[in-house]
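In this note's numbering, the protein residues as written are 171 to 251.
The beta-carbon is built from N, C-alpha and C at its ideal position, and this holds for glycine as well.
I have placed the structure first, in the form of structure tokens, so that the comments after it can refer back to it.
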């Protein structure tokens, strides 16, 4: 027998509980936001400017940093009042 190949993309896991998704430019990302990387949501632990005001280097626990140069979906925890 053979396996049929499908063109379907792997499904995206549900976002972290208590977060709201939004497409944000690098300048609007905050420490504590989540970013989907390699099928897992990673929390931004720290960040630095990267070669100007329009890019950020995002640091995560246990993985290499990500240079964010354009807008992407991030998941921000709801603020409690």
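- Within the same chain, 214, 244, 245 and 246 come within 7 Å of residue 203 by CB-CB distance, once the 5 residues on both sides are set aside.
- In this structure residue 196 is buried. Its beta-carbon is surrounded by 16 or more other beta-carbon atoms within 10 angstroms.
- Per DSSP, the unbroken beta strand (DSSP E) holding residue 206 starts and ends at 204 to 207.
- With a threshold of 16 other beta carbon atoms within 10 Å, residue 228 meets it and is buried.
- When DSSP states are grouped into helix, strand and coil, residue 196 belongs to the helix group.
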